[in-house]
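Peer 1: Numbering (the working numbering), first residue to last: 139 to 395.
As structure tokens, this is what we get:
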């Protein structure tokens, strides 16, 4: 979300509201990035991990909600509303809310929240598809500076999340490793979106000597790499524990000991 401008002759409360929204967005994103990095680095399930997770949840919801709500009222260089930025905020909000709810809800249970999340993701995916179609039909093949493939990518992620929500609802909940993996990939993807939006999408606030540098891609893709590492580790841990518990073969009768 770019600087939120209001006409100079607007009432004082409108200027104050614009400043408050912008502060909530920037502060939420900044704190969310720091808290997310702390949560990734802390031992999973430890007190520092839980504390960083609480801060990440609140700050990221603030950042994503303000970005998703305000971006359509801001004009891109081509004059179109910033729907792409709004979709990014919508996806981040959905991922943080559902990822957080996964570990807050009792294992093996589901309810109205999961059904609402499923409907929300399906509706947002449909909107992203429509925006992608609109982008492809425009003379320049873009909408708000982005081609249809960007909108379809958001649609795919939202549809994927909705499909997993549907699976969870039909099963009545999840437990064990799949539950922790759902928590990890959703929050990790939201953190990647926030990091990419800041380091790659807001280069005008960076020192001039790093603008356009590949080094700015390191933080978001390091976040993505750490998320993949934890997901792989979650899947391998049960197998490795079984291997460690497996007793050594006993020697057969008559075999030298």
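Heads up, the beta-carbon is just placed ideally off N, CA and C, and yes, glycines get one too.
Pick out whichever of 292, 369, 361 has its Cα sitting closest to the Cα of residue 229.
Peer 2: Residue 292 is the option with its Cα nearest to residue 229.
Peer 1: One question on the structure: do residue 193 and residue 159 come within less than 8 Å of each other, judged by their Cβ atoms?
Peer 2: Cβ atoms of residue 193 and residue 159: not closer than 8 Å.
Peer 1: Can you name, in chain order, every residue of its own chain whose Cβ lies under 6 Å from the Cβ of residue 224, other than the five neighbours on each side?
Peer 2: For residue 224, where only same-chain residues beyond five positions count, the Cβ hits under 6 Å are 206, 209, 210.
Peer 1: Are the Cβ atoms of residue 357 and residue 377 separated by less than 8 Å?
Peer 2: No, these two residues do not count as a Cβ contact at 8 Å.
Peer 1: Quick check: the stretch 178 to 193 against the stretch 242 to 261, are at least 3 beta-carbon pairs closer than 8 Å?
Peer 2: The stretch 242 to 261, when compared against the stretch 178 to 193, does not touch it at the 8 Å Cβ threshold.
Peer 1: Among 214, 227, 178, 195, whose alpha-carbon lies nearest the alpha-carbon of residue 335?
Peer 2: It is 227.
Peer 1: DSSP has residue 214 in a bridge; who is on the other side?
Peer 2: In DSSP, residue 214 forms no bridge with anything.
Peer 1: Check residue 329 in the structure and name its three-state DSSP category.
Peer 2: In the structure shown, residue 329 sits in a helix (DSSP, three-state: H, G or I).
Peer 1: Could you tell me the distance, in whole angstroms, from the CA atom of residue 395 to the CA atom of residue 379?
Peer 2: Any reading at residue 395 is ruled out, since the residue's pLDDT is 48, under 50, leaving its predicted position unreliable.
Peer 1: Looking at residue 337 and the ligand NAD, is the gap between the Cβ and the nearest heavy atom below 7 Å?
Peer 2: As for the ligand NAD, it is missing from this structure, which has no ligand bound.
Peer 1: When you compare only the Cα positions, how much space is there between residue 172 and residue 318?
Peer 2: One C-alpha to the other measures close to 22 Å.
Peer 1: Evaluate residue 150 with the Cβ neighbour count: other Cβ atoms within 10 Å of its Cβ, from every protein chain shown; 16 or more gives buried, anything less gives exposed.
Peer 2: Flag for residue 150 reads exposed.
Peer 1: Would you report the Cα separation of residue 309 and residue 276, rounded to the nearest angstrom?
Peer 2: Straight-line Cα distance between these residues: approximately 43 Å.
Peer 1: With a threshold of 7 Å on Cβ separation, who are the neighbours of residue 285 within its own chain once the five nearest residues in sequence on each side are excluded?
Peer 2: Once the five neighbours on either side are set aside, the close Cβ partners of residue 285 are 273, 279.
Peer 1: Let me confirm a value: residue 287 is counted as buried when at least 16 other C-beta atoms fall within 10 Å, else exposed. Which label applies?
Peer 2: Flag for residue 287 reads exposed.
Peer 1: Evaluate residue 177 with the Cβ neighbour count: other Cβ atoms within 10 Å of its Cβ, from every protein chain shown; 16 or more gives buried, anything less gives exposed.
Peer 2: Burial call: buried.
Peer 1: Just to confirm my understanding: we take residue 204, look at its own chain, exclude 5 residues before and 5 after, and list those with CB closer than 6 Å. What are they?
Peer 2: Taken in chain order, the residues that qualify are 159, 162, 163.
Peer 1: Can you find the residues in the same chain that come closer than 6 Å, C-beta to C-beta, to residue 324, ignoring five residues on each side of it along the sequence?
Peer 2: The residues are 233, 236, 237.
Peer 1: Compute the Euclidean distance between the alpha carbons of residue 267 and residue 290, then round it to the nearest angstrom.
Peer 2: Residue 267 and residue 290: Cα-Cα distance of roughly 6 Å.
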